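> When the count follows my numbering, it moves up by one through the sequence shown with no breaks and lands on 199 for the last residue.
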Amino acid sequence: MEDRWLSVDDIAAYLGIKRDTVYRWISERNMPGHKIGRLWKFRKEEVDEWVRSSGDTEKRKDGAKE
């Protein structure tokens with residue numbers, strides 16, 4: 134995928150989730166996104182890093198050892 138901004142629909146399809154989940158993750162889990170006017174836009178690299186790091190955070194919350 135070239136270096137471009139992704140829409141809510143694009144990032145939902147990329148992650149295999151629904152649009153509503155994207156909006157919930159933005160507000161509840163600090164998913165990285167940039168609001169441009171009324172639209173949310175995403176950088177694939179930022180979301181990939183967030184997914185990797187939030188997985189580590191979830192493990193720590195559950196008490197799992199690294």
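Backbone N, C-alpha and C fix where the C-beta goes; we use that ideal spot for every residue, glycine too.
Please read these numbers as outputs of a predicted model, since none were measured by experiment.
(1) Could you give the residue range of the beta strand (DSSP E) that holds Arg157?
(2) Sort out for me which residues DSSP pairs Ile169 with in a bridge.
(3) Hey, Asp142 and Arg157 are a contact pair by Cβ (cut 8 angstroms); roughly how many whole angstroms apart?
(4) Can you give the beta carbon distance from Val180 to Pro165, rounded, assuming they're within the 8 angstroms contact cut?
(5) Just how far apart, CA to CA, sit Trp138 and Lys174?
(6) In the DSSP assignment, find the alpha helix (DSSP H) that holds Asp142 and state where it starts and stops.
To lay it out plainly:
(1) No beta strand (DSSP E) contains Arg157, which is instead part of the alpha helix (DSSP H) from Arg152 to Glu161.
(2) Leu172
(3) Contact doesn't hold; Cβ gap of about 15 angstroms is too wide.
(4) 6 angstroms
(5) 6 angstroms
(6) Taken as a continuous stretch (DSSP letters only), the alpha helix (DSSP H) holding Asp142 covers Val141 to Leu148.
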